[in-house]
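K.L.:
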């Protein structure tokens with residue numbers, strides 16, 4: 001306990017703690033759990049880390065992210081100690097150069113860290129992959145995503161109006177963490193598609209804009225189901241950002257069953273959308289952007305949503321009933337790339 | 001802002017052009033890089049939707065501010 005270096009405050013009760021933390025701008029606006037020495041130490045022990053261990057260094061702001069600060073913010077977010085290895089893995093992923101953490105968190109575009117967890121740790125810590133998967137339910141989903149937001153605020157200065165310049169942001173900036181429903185999916189899990197060995201746990205993190213929900217309950221044809229997703233991606237390319245990058249696709253059980261019954265694997269969806277999610281510059285005229293139709297290489301210039309089929313992150317998740325799906329668009333094309341990081345447990 | 005600060009640290013004289021609504025962010029970046037008093041040019045927001053004439057006026061304004069910042073030491077030495 002004596003190893004902790006952060007200042008210690010002697011406050012009367014949880015109300016006084018929250019008053020001070022809110023006043024000093026150390027929260028996301030919601031109440032926090034007081035990070036007592038004991039709770040912080042429990043988190044460090046669960047991760048097998050010394051308080052001074054540097055998890056990563058954010059290169060632009062030159063801020064080291066120590067295990068002690070991660071543990072403090074994890075406790076504040078409501079995390080159980082068993083969540084710590086996931087939080088640590090997300091930080092390592094975000095600090096890879098290709099993630100462009102500074103740009104994606106400072107930008108007016110207002111992205112959030114969309115986290116997908118694969119592997120056995122999902123069940124050990126109770127991560128939700130089914131009903132209401134993109135929203136409230138499980139403590140693990142809610143608190144892991146929230147811990148990342150609090151670390152961004154308190155360690156990296158991602159304070160709205162200062163180093164977070166989001167014009168709008170989106171609700172995923174409170175928390176944006178899901179698990180893949182591996183047990184109820186016929187397909188290769190996302191992490192294994194991205195070179196993580198079977199049996200290992202991993203996170204995949206992307207700078208994501210708000211999810212767009214889709215619905216198609218009127219076909220059994222996998223091409224038509226994939227086409228509904230592709231149409232939403234094309235729409236995003238025109239109304240938000242034209243640039244190619246990682247898109248995530250959330251495919252629920254009802255649609256998975258139809259797609260799989262036709263013999264399609266994830267790579268078939270990826271190939272279809274790679275070919276179909278394309279627009280030409282003149283399409284901008286249909287969404288109020290006539291002014292830029294004749295710039296660049298002219299009105300016939302073609303744009304694709306994906307540099308390659310692998311850039312589409314297909315995730316099996318969602319409740320068992322309903323032909324609803326979602327796309328999660330990238331913040332700014334490939335300026336930030338999704339990163340998959342193995343979860344190490346001590 | 002980060003590019004300008006990086007250039008300065010490498011010994012290359014630089015400055016940044018910031019639109020007025022981003023001044024707090026520019027100052028925050030200068031502070032985290034340990035150069036809180038770093039001067040920069042400020043022009044009115046926005047840029048993307050400006051007419052060509054407005055953009056030209058802002059460019060002239062920006063150039064004048066940048067020249068003044070970059071030659072600040074030079075002017076004092078000459079005086």
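Protein chains in written order, with this note's numbering: chain A, 1 to 346; chain B, 1 to 79. From the three backbone atoms N, C-alpha and C, an ideal C-beta is built for every residue, glycine too.
1) Pair every Cβ in the segment 232-244 of chain A with every Cβ in the segment 16-35 of chain B, then say whether three or more of these pairs are closer than 8 Å.
2) Report yes or no: do three or more beta-carbon pairs, one from the segment 318-327 of chain A and one from the segment 243-258 of chain A, lie closer than 8 Å?
3) Would you mind sorting residue 20 (chain A) into buried or exposed? The rule is 16 or more other CB atoms within 10 Å of its CB.
4) What residue range does the alpha helix (DSSP H) around residue 144 (chain A) cover?
5) With the cut-off set at 8 Å, would you say residue 73 (chain A) and residue 121 (chain A) are in Cβ contact?
6) Where does residue 342 (chain A) fall in DSSP's three states?
7) My output table needs one value for residue 65 (chain A): the three-state DSSP class, helix, strand or coil.
8) Which residues mark the beginning and the end of the alpha helix (DSSP H) in which residue 56 (chain B) is found?
9) Residues in the same chain with beta-carbon distance under 7 Å from residue 60 (chain A), minus the five sequence neighbours each way, listed in chain order, please.
10) For a contact defined as C-beta to C-beta under 9 Å, what are the partners of residue 25 (chain B) on chain A?
11) If you drop the 5 nearest sequence neighbours on each side, which residues of the same chain put their C-beta closer than 6 Å to that of residue 146 (chain A)?
12) Pick out the complete beta strand (DSSP E) segments inside the segment 235-272 of chain A, 3 residues or longer, and give them in chain order.
13) Near residue 269 (chain A), which residues of its chain fall below 6 Å by C-beta distance, leaving aside the five closest residues on each side in sequence?
14) Whose CA, out of A:338, A:316, A:280 and A:215, lies closest to the CA of residue 266 (chain A)?
15) Between the C-alpha atoms of residue 187 (chain A) and residue 312 (chain A), what's the straight-line distance to the nearest angstrom?
16) Using the DSSP secondary-structure output, state which residues sit across from residue 54 (chain A) in a beta bridge.
17) Run through DSSP, which three-state label would residue 164 (chain A) get?
18) Have a look at the DSSP bridge pairing and note the partners of residue 335 (chain A).
19) Could you tell me the alpha carbon to alpha carbon distance between residue 59 (chain B) and residue 1 (chain B), rounded to whole angstroms?
20) Rounded to the nearest angstrom, what separates residue 154 (chain A) and residue 297 (chain A) at their Cα positions?
21) How long is the line joining the alpha carbons of residue 70 (chain A) and residue 88 (chain A), rounded to whole angstroms?
22) Do residue 246 (chain A) and residue 142 (chain A) have their beta-carbon atoms positioned less than 8 Å apart in this structure?
23) Using a Cβ-Cβ cut-off of 8 Å, state whether residue 79 (chain B) counts as contacting chain A.
24) Taking the straight line between their C-alpha atoms, what separation do you get for residue 212 (chain A) and residue 192 (chain A)?
25) Assuming residue 202 (chain A) and residue 304 (chain A) make a contact with CB atoms under 8 Å, what is their CB distance in whole Å?
26) Just the Cα atoms here: how many angstroms apart are residue 22 (chain A) and residue 28 (chain A)?
27) Counting only beta-carbon separations shorter than 8 Å, does residue 287 (chain A) have a partner in chain B?
28) Going by DSSP, which residues form a beta bridge with residue 19 (chain B)?
29) Locate the alpha helix (DSSP H) running through residue 102 (chain A), then write down its first and last residues.
30) Between residue 79 (chain B) and the rest of its own chain, which residues show a CB-CB distance below 7 Å, the 5 nearest in sequence each way excluded?
31) Answer yes or no: does any C-beta atom of chain A fall closer than 8 Å to that of residue 56 (chain B)?
P.N.:
Taking the coordinates as given:
1) Result no; under three Cβ-Cβ pairs closer than 8 Å.
2) yes
3) Classification of residue 20 (chain A): exposed, given that the 10 Å Cβ count is below 16.
4) 139-154 is the span of the alpha helix (DSSP H), which, as asked, contains residue 144 (chain A).
5) No, Cβ-Cβ distance for residue 73 (chain A) and residue 121 (chain A) is not below 8 Å.
6) In the structure shown, residue 342 (chain A) falls within a strand segment according to DSSP collapsed to helix, strand and coil.
7) strand
8) 52-70
9) 102
10) Ordered by position in chain A, the residues that pass the 9 Å Cβ test against residue 25 (chain B) are 106, 161, 162, 163, 164 and 165.
11) The residues are 77 and 175.
12) 247-251
13) 226 and 314
14) A:316
15) 15 Å
16) A:66
17) It is a strand residue.
18) Looking at the DSSP assignment, residue 335 (chain A) forms no beta bridge with any residue, so it has no partner.
19) Roughly 17 Å separates the two Cα atoms.
20) 44 Å
21) 8 Å
22) no
23) Model confidence at residue 79 (chain B) stands at a pLDDT of 46, short of 50, so the residue's coordinates are unreliable and nothing is read from them.
24) 25 Å
25) Not really, about 27 Å apart at Cβ, beyond 8 Å.
26) 8 Å
27) No, residue 287 (chain A) does not count as interfacial toward chain B.
28) B:43
29) 101-106
30) Unreliable positioning characterises residue 79 (chain B) in this predicted model, as indicated by a pLDDT of 46, which lies under 50. A coordinate reading is not provided.
31) no
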